[in-house]
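I have placed the structure first, in the form of structure tokens, so that the comments after it can refer back to it.
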Amino acid sequence: GSRRLTLFLPRERPGVMAMIALGYPLFSVWPQQIFSRTFFFHRYRPLFGGGRVLIAVNAAAFAWMHLAFWNPIAWVLTLIGGVLFAWTHARAGHNAAWLEHAIYGVVTFGVGLGGFLFLGNR
Numbered sequence: 051g052s053r054r055l056t057l058f059l060p061r062e063r064p065g066v067m068a069m070i071a072l073g074y075p076l077f078s079v080w081p082q083q084i085f086s087r088t089f090f091f092h093r094y095r096p097l098f099g100g101g102r103v104l105i106a107v108n109a110a111a112f113a114w115m116h117l118a119f120w121n122p123i124a125w126v127l128t129l130i131g132g133v134l135f136a137w138t139h140a141r142a143g144h145n146a147a148w149l150e151h152a153i154y155g156v157v158t159f160g161v162g163l164g165g166f167l168f169l170g171n172r
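Position 14 of the sequence shown, counted from 1, bears residue number 64 in the numbering used here, the numbering being contiguous throughout.
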């Protein structure tokens, strides 16, 4: 059950958790931030302005990109994350949003929810 997955990677596979902690921010989060936030904000700020509408549309687009995982938990997590990351990007820029996304992502994998964002429909 779900209790078995709680902290599974740090407890049972610390090497895999370490690889995720190092690789996920560089090879997944960085490209996502470039495409999902930096490019998006540059391209669509003239259309949506720089406020709440841009953040909401960006968060919806970020969640939309995760539809391929075909599970509602991934959609909810990425919608919430999308709002947080877009808001941080709007306030503090790319590097702050990248760091926030990396930290939340690694924690998500560590606590046992990473399967919803990586394996998708199992």
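Ideal Cβ positions, reconstructed from N, Cα and C, are used throughout, including at glycine.
Item: Run of the alpha helix (DSSP H) containing Ala110, from where it starts to where it stops; Value: Arg102 to Met115
Item: For Leu167, the three-state DSSP class (helix, strand or coil); Value: helix
Item: Buried versus exposed, by CB contacts within 10 Å (16 or more), Glu62; Value: exposed
Item: Reduced DSSP secondary structure (H/G/I, E/B, other) of Arg93; Value: helix
Item: Trp120 - DSSP class collapsed to helix/strand/coil; Value: coil
Item: N- and C-terminal bounds of the alpha helix (DSSP H) containing Ile153; Value: His144 to Val161
Item: Contact the region 65-79 vs the region 156-165: 3+ CB pairs below 8 Å; Value: yes
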